[in-house]
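Counted the way this note's numbering counts, the sequence shown spans residues 4 to 134. These notes are about the structure you will find just below.
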Amino acid sequence: MGPGHTYMTAEADDLFHEDCPKVSRVLARLGDKWTVLIVVLLRERAFRFNEIKRAVSGISQQMLTRTLRNLERDGLVSRTIYPTSPPQVEYALTELGRSLSRPVLALGEWAKANLHAIDEAQARFDRENGK
Numbered sequence: 004m005g006p007g008h009t010y011m012t013a014e015a016d017d018l019f020h021e022d023c024p025k026v027s028r029v030l031a032r033l034g035d036k037w038t039v040l041i042v043v044l045l046r047e048r049a050f051r052f053n054e055i056k057r058a059v060s061g062i063s064q065q066m067l068t069r070t071l072r073n074l075e076r077d078g079l080v081s082r083t084i085y086p087t088s089p090p091q092v093e094y095a096l097t098e099l100g101r102s103l104s105r106p107v108l109a110l111g112e113w114a115k116a117n118l119h120a121i122d123e124a125q126a127r128f129d130r131e132n133g134k
């Protein structure tokens with residue numbers, strides 16, 4: 004292989020070949036910590052904005068608004084406005100969002116199961132690299 008070429012398995016090549024920029028954008032959105040936390044939270048039920056803000060520690064109002072808008076745009080979250088005074092808005096996972104929650108939870112379980120090994124690897128790396 005010449006310069007600039009990377010060896011990929013057929014599976015990886017199929018995933019990234021034509022749609023690489025699109026797949027990268029989707030993965031970047033899904034890899035965002037706020038997206039993951041909100042998707043996991045909304046698995047339980049529909050939530051109002053302030054309920055989400057209270058449940059997701061550390062998220063700013065601006066970041067929550069942006070994340071919910073992006074999730075809605077991607078078809079992962081629905082937004083329902085109730086005609087009350089003041090209007091109430093609820094956010095819930097769509098079917099597409101529910102299908103995402105399964106792999107997100109699996110990734111969380113993997114992270115929990117491997118925390119010790121990752122901590123050890125980081126400590127070893129830091130020792131060997133003077134950190």
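Beta carbons are placed, not taken as given, at the ideal position from N, Cα and C, and that holds for glycine.
**Request:** Only counting runs of 4 or more residues, tell me where the alpha helix (DSSP H) segments fall wholly within the segment 63-104, in order along the chain.
**Result:** 64-76
**Asked** Taking the continuous alpha helix (DSSP H) assigned at Arg46, which residues delimit it?
**Response** Where Arg46 is concerned, there is no enclosing alpha helix (DSSP H), given that its DSSP letter is neither H nor E.
**Request:** Mind the definition here: the segment 37-50 touches the segment 63-77 only if three or more C-beta pairs lie below 8 Å; say whether that holds.
**Result:** Cβ pair count under 8 Å is three or more, so yes.
**Request:** Check whether the Cβ atoms of Arg46 and Leu96 sit closer than 8 Å, and answer yes or no.
**Result:** Yes, they are a contact pair.
**Request:** Please list, in chain order, all residues of the same chain as Gly78 whose beta carbon is under 7 Å from its beta carbon, the five residues on each side excluded.
**Result:** By the criterion of a C-beta distance shorter than 7 Å, Gly78 is surrounded in its chain by Thr97, Leu99, once the five residues flanking it on both sides are discounted.
**Item:** Tyr85 classed as buried or exposed, judged by whether at least 16 other C-beta atoms fall within 10 angstroms
**Value:** exposed
**Prompt:** Would DSSP call Lys1 helix, strand or coil?
**Reply:** The structure shown does not extend to residue 1, since the chain is modelled only from 4 to 134, so the question has no answer here.
**Message:** Buried or exposed, going by whether 16 or more other CB atoms sit within 10 Å of the CB of Ala128?
**Reply:** According to the sequence shown, residue 128 is Phe rather than Ala. By the neighbour-count rule (16 or more Cβ atoms within 10 Å), Phe128 is not buried but exposed.
**Prompt:** Is Val43 closer than 8 Å to Val107 when the C-beta atoms are compared?
**Reply:** yes
**Prompt:** Where does Ser27 fall in DSSP's three states?
**Reply:** helix
**Request:** Find the nearest neighbour of Arg82 within the set Val26, Leu30, Arg48, judged by alpha-carbon distance.
**Result:** Scanning Val26, Leu30, Arg48 for the CA closest to the CA of Arg82 turns up Arg48.
**Asked** Considering only residues of the same chain and omitting the five flanking positions on each side of Ile55, which have a CB-CB separation below 7 Å?
**Response** Ile41, Leu44, Leu67, Tyr94
**Distance between Pro24 and Arg51 (C-alpha atoms, nearest Å)** = 33 Å
**Item:** Gly61 - DSSP class collapsed to helix/strand/coil
**Value:** coil
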